[in-house]
Amino acid sequence: MKTLHVKGKSTGRNDLVIEDSEGERKFSGSAYRETMDRGFHHGTLLLNADLGRLANYLHPDPKKLQAKGIKSVRSRVANLNEINPDINHDNVCSAIINAFFQHYGETVEPEYISPNSLPDLPDFTQKFEHQSSWQWNFGNTPEFMHTLSERFTWGGVELHLDIKKAHIIKAKIFTDSLNPDPLEMLTEALIDQPYKISTFNKIINETAEAFPKNAKELAELQVWLTTAVA
Numbered sequence: 001m002k003t004l005h006v007k008g009k010s011t012g013r014n015d016l017v018i019e020d021s022e023g024e025r026k027f028s029g030s031a032y033r034e035t036m037d038r039g040f041h042h043g044t045l046l047l048n049a050d051l052g053r054l055a056n057y058l059h060p061d062p063k064k065l066q067a068k069g070i071k072s073v074r075s076r077v078a079n080l081n082e083i084n085p086d087i088n089h090d091n092v093c094s095a096i097i098n099a100f101f102q103h104y105g106e107t108v109e110p111e112y113i114s115p116n117s118l119p120d121l122p123d124f125t126q127k128f129e130h131q132s133s134w135q136w137n138f139g140n141t142p143e144f145m146h147t148l149s150e151r152f153t154w155g156g157v158e159l160h161l162d163i164k165k166a167h168i169i170k171a172k173i174f175t176d177s178l179n180p181d182p183l184e185m186l187t188e189a190l191i192d193q194p195y196k197i198s199t200f201n202k203i204i205n206e207t208a209e210a211f212p213k214n215a216k217e218l219a220e221l222q223v224w225l226t227t228a229v230a
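This is the structure we're talking about:
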């Protein structure tokens, strides 16, 4: 960071921060995990993020999302290009590479890995596909409850979902609609399904086929629900 004219410092073992007139602002966070035979390290740097959207992700409505996992520590954050407007992805990558070389006292040719350019290593392709899968990225999500509510012209809807390992294990709907049958069918069909947008789209479409007279209401529900869980 010094080569990029950023006067940062570490706090604890996870964060990098800068100080301004209002105190510390976080621009980097890390997460670690160790197993018997390997270690994992995930690091982040905020270069030019939309901090308005970031605030929404870090501060969800507590009435709608109740996590049963470990709560994250939320901090004031800053983009690196607020500190140095010349900072971009390329020069940050170059600075990290050069710092790595300097630390280890050796220079090598960096190998750039992407989905279109995988290294020729034993089992690498299989491992890449595994770690790119939905199951790897979301399948071990901590258990949580999600409550969604909306008012439509045809009635109000309140949907309660219990999610475990990224699958819906319990679903309950409350509505004052004059025709609750389609909604009850939809709710029952959600149980044991993956908690992702494609699941809601599929089940709502199937429900609309079973209740064609309610297709318009279900289409409105689909637009709202797929946006709410995105």
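Quick note on the UniProt record's numbering: the sequence shown kicks off at 1 and runs consecutively. All C-beta atoms in this analysis are idealised placements derived from N, C-alpha and C, irrespective of residue type, glycine included.
(request) With a 10 Å radius around its C-beta and 16 neighbouring C-beta atoms as the bar for buried, classify VAL157 as buried or exposed. (result) The residue you call residue 157 lines up with position 157 of the sequence shown. Classification for VAL157: buried.
(request) List the DSSP bridge partners of TYR32. (result) Within the sequence shown, the letter at position 32 stands for residue 32. In DSSP, TYR32 forms a bridge with HIS41.
(message) Closer than 8 Å is the cut-off here; do at least three beta carbon pairs connect the segment 106-126 with the segment 5-22?
(response) no
(message) Whole angstroms are fine: how far does the CA of GLY105 sit from the CA of ARG33?
(response) The residue labelled residue 33 in the question sits at position 33 within the sequence shown. The residue labelled residue 105 in the question sits at position 105 within the sequence shown. C-alpha separation (whole angstroms): 27 Å.
(request) Kindly confirm or deny that the segment 123-143 and the segment 202-212 touch, where touching means at least three C-beta pairs closer than 8 Å. (result) no
(message) Looking only at its chain, what residues have a beta carbon closer than 7 Å to the beta carbon of THR166, apart from the 5 residues adjacent to it on each side?
(response) The sequence position of residue 166 within the sequence shown is 166, counting from 1. Per the sequence shown, residue 166 should be read as Ala rather than Thr. PHE138, GLY139, THR141, PRO194 and TYR195.
(message) For a test of the three-state rule: what should DSSP assign to ASP181, helix, strand or coil?
(response) For the purposes of this step, residue 181 is taken as the residue at position 181 of the sequence shown. Note: ASP181 maps to helix in three-state DSSP.
(request) List the whole-angstrom C-beta distance separating LEU47 from HIS5, where the pair is believed to meet the contact cut-off of C-beta under 8 Å. (result) Indexing the sequence shown from 1 puts residue 47 at position 47. Indexing the sequence shown from 1 puts residue 5 at position 5. Between HIS5 and LEU47 the Cβ distance is about 14 Å, and since that is not below 8 Å, they are no contact.
(request) Have a look at ASP176 and GLY155 and give me their C-alpha separation to the nearest angstrom. (result) Within the sequence shown, the letter at position 176 stands for residue 176. Within the sequence shown, the letter at position 155 stands for residue 155. Their backbone Cα atoms lie some 5 Å apart in a straight line.
(message) Rounding to the nearest angstrom, what Cα-Cα distance links PHE152 and LYS7 in this structure?
(response) By 1-based counting over the sequence shown, the position of residue 152 is 152. By 1-based counting over the sequence shown, the position of residue 7 is 7. Each residue's alpha carbon lies about 52 Å from the other.
(request) Report the option in GLY43, HIS41, PHE40 and ARG76 whose CA atom is closest to the CA atom of VAL17. (result) Here residue 17 is taken as the residue at index 17 of the sequence shown, counted from 1. Out of GLY43, HIS41, PHE40 and ARG76, ARG76 has the C-alpha closest to the C-alpha of VAL17.
(request) Could you give the DSSP three-state label for SER132: helix, strand or coil? (result) Sequence index remark: in the sequence shown, residue 132 carries index 132 (1-based). Here SER132 sits in helix by DSSP.
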